[in-house]
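These notes concern the structure reproduced below.
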Amino acid sequence: MTNSFNALRLAQDQIADLDLQLLKRKLKATQSPCDTKAVVNGRELKAFCSNDYLGLANHPDLIQAIAEGAKIYGVGSGASHLISGHSVAHEILEAKLAAFQKQHIPDARALFFSTGYLTNLTAITAFARLAPQGYISIYSAKLNHASLIDGVRLASAQSNARVSLFDHEEVNTLSELLKADQSDLKMIVTDGVFSMDGDLAPVKKLLELAEQHDALLLVDDAHGFGVLGKQGHGILEQENICSERIVYIGTLGKAAGVSGAFVCAHKTLIEWLIQKGRPFIYSTATPPAIAHTLTKSLDIIEGDEGGNRRAQLNQLIRIWQDEMHFSQWEKVSSCTAIQPVILGSNANALLAAKLLDEAGYWIPAIRPPTVPIGSARLRITFSANHSEADLRQLITTLKTIEQAAIQKASDE
C-alpha cells in the first residue's frame, strides 16, 4: 500500500512530533510479580515506581484467596451488576468497605467498580444530574488526576455544569467563588493525596467550605486508602472528619494490592448512583473472585500486619526526608510514599531515568501532560517490602547519578 489513509497519516505525523518533544511513551512488559524487584526484558531491576505501597500485590494470603475465590465463583461475572453479575462476594466486600468509613460518613454505603477511572466518571456525572434545573457548579483542584478531570469535563458536557479550577494550597479564592455561587448544586472535587507531588489536600478546610456553602465534597483518596490513618482507612480517618456530604473514592489496585475501586457515601447518594450512574449500569461486573480477594486484603490492612506495614512505610519516608539531599535536583517535601524529584526538562528526566536503569533501578521519567510543562520528574515510590538497606542504597545511587548528570550537562 503506497498511500496511507488520512487517519493513519495524521497519527504517524503526531507520534513523530511527540518523539521530537521527548514525550513519546513506551510500554515495558514485566516478567515477574509486582514487588520491589521486577524482571523486565530478562533483567532484574530494583523497582521504586509502583503504587503497591503496602507490598500486598504478591502477598501469599491474597494469592491463596484469589484461587479460593475462583473455585467458589468461577472466573467471570457474566453480566452487569443490575442484570446477573452482582455476587454475594461483591455484597460482602461493599459492606466491609462501608464499615471502613462508617465513622466518617453517616449511613455509609459503598459501591464497587472495576477501576478508579470508572468510579470517578460515574460519581461526578451522576451527581451532576441531581440539580433539577441543571444549575450546577463544579470546583475542581488544578492538580487532580486525569480521571477526575475527565469526569468533570463529561459532566460539563452532559449537564451544562459550570466548572472552576482552584489551587488546593490556596483555598481563599475557592471560598470567594462559593460565596458568590447561587447554583442549585455545588460540588468540590479533589484528590486526597496528589499523585505526582505526594502532598495532601486540605480536606478539613474544604469540608468547612462545603458545610458553609451547601456543597458536596468528593475526595478521591486513591493514594491514601490503606496507608493513611491508624487502621489504614484513609484520609478521612487521618483528619478525623465526618459529614454526610462527603463522597469518598478509594482505589483497590494500589495499597490494597489487587484491582478495582469503590465509592462510599450516604446510602441515598449511593442509591442514586445505582439508578443513574451510566458507567456502573452498563459495565460488566468485576469477577467475584476479585471481590473475594479484596475482602481478605481489607482484613490485612485493618489488622496488625497492616499496622506493621504502615510503620515500615513511614520509617522509609523518615529516612528519605532525613538522608536524601541533592546539590541541584529539587526534592519535593512529602509525608506519603510518593517522593518526587523535579528535574525540569524532559531531557533531564529521561537522562536520569536512563542512568538509573543502567544502575539496575526502575524509576521512569514522568513528563507532560501528566505533570505541568517544565516540571518533568522522577516519581519515586516506596513499598513496605523495601528494606531500609534498599532505600539507603538508592539514596547513594541517586547522589552519584545526580553528579554524573550535572557533569554530562556541563560537558555539552
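Per the numbering used here, the very first residue in the sequence shown carries number 348; after that it's consecutive. We put the CB at the ideal spot given by N, CA and C, even for glycine.
Chain C beta carbons: is any one of them nearer than 8 angstroms to that of residue i?
i, result
"Val536", "Of the chains in the structure shown, none is chain C; there is only one protein chain."
Which residues in the same chain as residue i place their Cβ atom closer than 6 angstroms to its Cβ, once the five residues preceding and following it in sequence are excluded?
i, result
"Gln361", "none"
"Pro626", "Leu465, Leu468, Thr469"
"His428", "Ala632"
"Phe447", "His580"
"Pro568", "Note on identity: in this sequence residue 568 is Asp, with Pro being the wrong assignment. The residues are Gly539, Gly581, Ile582, Gly597."
"Ile647", "Gly653"
"Ser722", "Ile689"
"Gly600", "Ser606"
"Ala417", "Ala636"
"Leu477", "Leu532"
May I ask you to list the residues that DSSP assigns as paired with residue i?
i, result
"His613", "Ala455"
"Thr728", "Ile685"
"Asp513", "First, the amino acid is wrong: residue 513 is Phe here, not Asp. Answer is Ala488, bridged to Phe513."
"Tyr595", "Val566, Cys611"
"Ala712", "Leu725"
For residue i, count the other beta carbons within 10 Å of its own beta carbon; 16 or more makes it buried, fewer makes it exposed. Which is it?
i, result
"Arg766", "With the chain covering 348 to 759 only, the question about residue 766 has no answer from this structure."
"Val688", "buried"
"Glu670", "exposed"
"Leu553", "buried"
"Phe365", "Per the sequence shown, residue 365 should be read as Leu rather than Phe. Exposed: under 16 other Cβ atoms inside 10 Å."
"Asn398", "buried"
"Lys720", "The identity of residue 720 in the sequence shown is Ile, whereas the question assumes Lys. Answer is exposed; the Cβ neighbour count stays below 16."
"Val518", "buried"
"Pro635", "buried"
"Phe352", "exposed"
"Ser494", "buried"
"Gln754", "exposed"
"Ile430", "exposed"
"Leu357", "exposed"
"Met348", "Unreliable placement is indicated for Met348, whose pLDDT of 47 sits below 50; no coordinate value is reported for it."
"Arg592", "buried"
"Gly425", "exposed"
"His672", "exposed"
"Ser674", "exposed"
"Tyr400", "buried"
"Gly571", "buried"
"Ala455", "buried"
"Tyr595", "buried"
"Tyr708", "buried"
"Gly402", "buried"
"Ser734", "exposed"
Grab me the residues of residue i's own chain with a C-beta within less than 8 angstroms of its C-beta, minus the 5 sequence neighbours each way, in chain order.
i, result
"Ala442", "Ala457"
"Leu444", "Ala457, Phe459, Gly597, Phe609, Cys611, Leu645"
"Gly389", "Gln378"
"Leu738", "Leu663, Ile666, Trp667, Phe729"
"Glu586", "Val550, Lys551"
"Leu490", "His515, Asp538, Phe541, Met543, Asp544"
"Gly421", "Pro634, Pro635, Ala636"
"Lys371", "Ile362, Leu365"
"Pro380", "Ala404, Asn405"
"Leu660", "Tyr400, Leu401, Val574, Ala684, Phe729, Ser730, Ala731"
Say yes only if the C-beta of residue i is nearer than 7 angstroms to one or more non-hydrogen atoms of the ligand PLP, and no if none qualify.
i, result
"Pro407", "The ligand PLP is absent from the structure shown, which contains no ligands of any kind."
So residue i and residue j are in contact, right, with Cβ under 8 angstroms, and what is the actual spacing, rounded?
i, j, result
"Ile483", "Met534", "7 angstroms"
"Asp531", "Pro479", "7 angstroms"
"Leu702", "Ala696", "Contact doesn't hold; Cβ gap of about 11 angstroms is too wide."
"Tyr486", "Val540", "That pair is no contact at about 19 angstroms."
"Asn732", "Asp382", "6 angstroms"
"Val718", "Met543", "5 angstroms"
"Thr814", "Ile419", "Outside the displayed span of the chain (348 to 759) sits residue 814, for which this structure offers no information."
"Gly573", "Ala602", "3 angstroms"
"Trp619", "Ala475", "So it is not a contact: roughly 11 angstroms between Cβ atoms."
"Ala700", "Pro716", "The Cβ separation is near 18 angstroms, so there is no contact."
"His613", "Ala412", "The pair is not a contact, with the Cβ atoms about 30 angstroms apart (cut-off 8 angstroms)."
"Gly607", "Thr462", "7 angstroms"
"Lys393", "Lys384", "6 angstroms"
"His706", "Thr744", "The displayed chain sequence assigns Ala, not His, to residue 706. Indeed, because the Cβ distance is near 5 angstroms, the residues count as touching under 8 angstroms."
"Arg726", "Cys396", "7 angstroms"
"Gln450", "Cys589", "7 angstroms"
"Leu521", "Leu556", "6 angstroms"
"Leu616", "His560", "Going by Cβ atoms, the distance from Leu616 to His560 rounds to 18 angstroms, so no, they are not a contact pair."
"Ala752", "Leu698", "6 angstroms"
Note down, in chain order, each residue of its chain lying with its Cβ closer than 7 angstroms to the Cβ of residue i, except the 5 sequence neighbours on either side.
i, result
"Val499", "Ile471, Ile485, Ser487, Val510, Val536"
"Arg724", "Pro687, Val688, Ile689, Leu690, Ala696, Ile713, Val718"
_Quick check for students: name the residue ranges of the beta strand (DSSP E) that lie wholly in the region 625-697, counting only runs of 3 or more._
685-691
*What are the complete alpha helix (DSSP H) segments, minimum 4 residues, inside the region 358-393?*
none
*Could I get the ranges of all uninterrupted beta strand (DSSP E) runs contained in the region 516-575, with 3 residues as the minimum, in chain order?*
As far as the region 516-575 is concerned, its whole beta strand (DSSP E) runs of at least 3 residues are 532-538, 562-567.
*What are the start and end residues of each continuous alpha helix (DSSP H) run of 4 or more residues lying completely inside the region 401-486, in chain order?*
Here the runs fully enclosed are 407-420, 435-448, 463-475.
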